[in-house]
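Beneath this line is the structure, given in structure tokens, with notes to follow.
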Amino acid sequence: MSQRDFKAESELVLKCMNELLGLEKGFRSGTKRTKPLEARLAEHTLEEVNEIIVWVYHKWANWNDRNKYFNPTTLFRASNWERYREDFENDKTLKTVKTHVTERKHDLNMNT
12 MSQRDFKAES
22 ELVLKCMNEL
32 LGLEKGFRSG
42 TKRTKPLEAR
52 LAEHTLEEVN
62 EIIVWVYHKW
72 ANWNDRNKYF
82 NPTTLFRASN
92 WERYREDFEN
102 DKTLKTVKTH
112 VTERKHDLNM
122 NT
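In this text, residue positions in the sequence shown follow the numbering used here: the first is 12, and each later residue adds one.
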């Protein structure tokens, strides 16, 4: 079993965040501010973390203060992260259910 490199993974997450925000010199890994990110990476895969931060970014799209709060300290704080993760999972489930219901309605209409 290979050991994960949380520093390298946190660099990838921060690069994604910087790109979303359009920052050339943005968040850096290995700082006190990114310790919560490394803790979240220990609990979740890199893919899960990236999916959730992209979802949060788009969820906050029409919120004027988004850029003020879209940072490692806020996003990866344990109490906040759990809420974002749960909301992401619920949103994903709702979309799946809505898609299934829509497809089912479509199938019923096509068969009548």
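The beta carbon of each residue, even a glycine, is placed where N, CA and C say it ideally should be. These figures come from a predicted structure and were not determined experimentally.
Original post:
Are there 16 or more other CB atoms within 10 angstroms of the CB of Ser21, so buried, or fewer, so exposed?
Top reply: Along the sequence shown, read from residue 1 onward, the residue named residue 21 stands at position 10. When all chains shown are included, Ser21 counts as buried.
Subject >> Rounded straight-line distance, which links the Cα of Tyr95 to that of Ile64 >> reply: By one-based count along the sequence shown, residue 64 stands at place 53. By one-based count along the sequence shown, residue 95 stands at place 84. Rounded to whole angstroms, Ile64 to Tyr95 spans 9 angstroms at the Cα level.
**OP:** Please go through the same chain and pick out, in chain order, the residues whose beta-carbon is closer than 7 angstroms to the beta-carbon of Glu29, but skip the five residues on each side of it.
**Re:** Reading the sequence shown from its first residue, position 18 is the one you call residue 29. The sequence shown places Asn at residue 29, rather than the Glu named in the question. Cβ within range, chain order: Gly37 and Phe38.
Subject >> Minimum C-alpha distance to Trp92 - residue among Leu105, Arg51, Cys27 and Arg44 >> reply: Here residue 92 refers to the residue found at position 81 of the sequence shown. Trp92 has its Cα closest to that of Arg51, out of Leu105, Arg51, Cys27 and Arg44.
**OP:** Answer with buried or exposed for Val40, where buried requires no fewer than 16 other C-beta atoms within 10 angstroms of its C-beta.
**Re:** Counted from its first residue, the sequence shown places residue 40 at position 29. Here residue 40 is Ser; the residue named in the question, Val, does not match the sequence. Burial of Ser40 is indicated by the presence of at least 16 other C-beta atoms within 10 angstroms of its C-beta.
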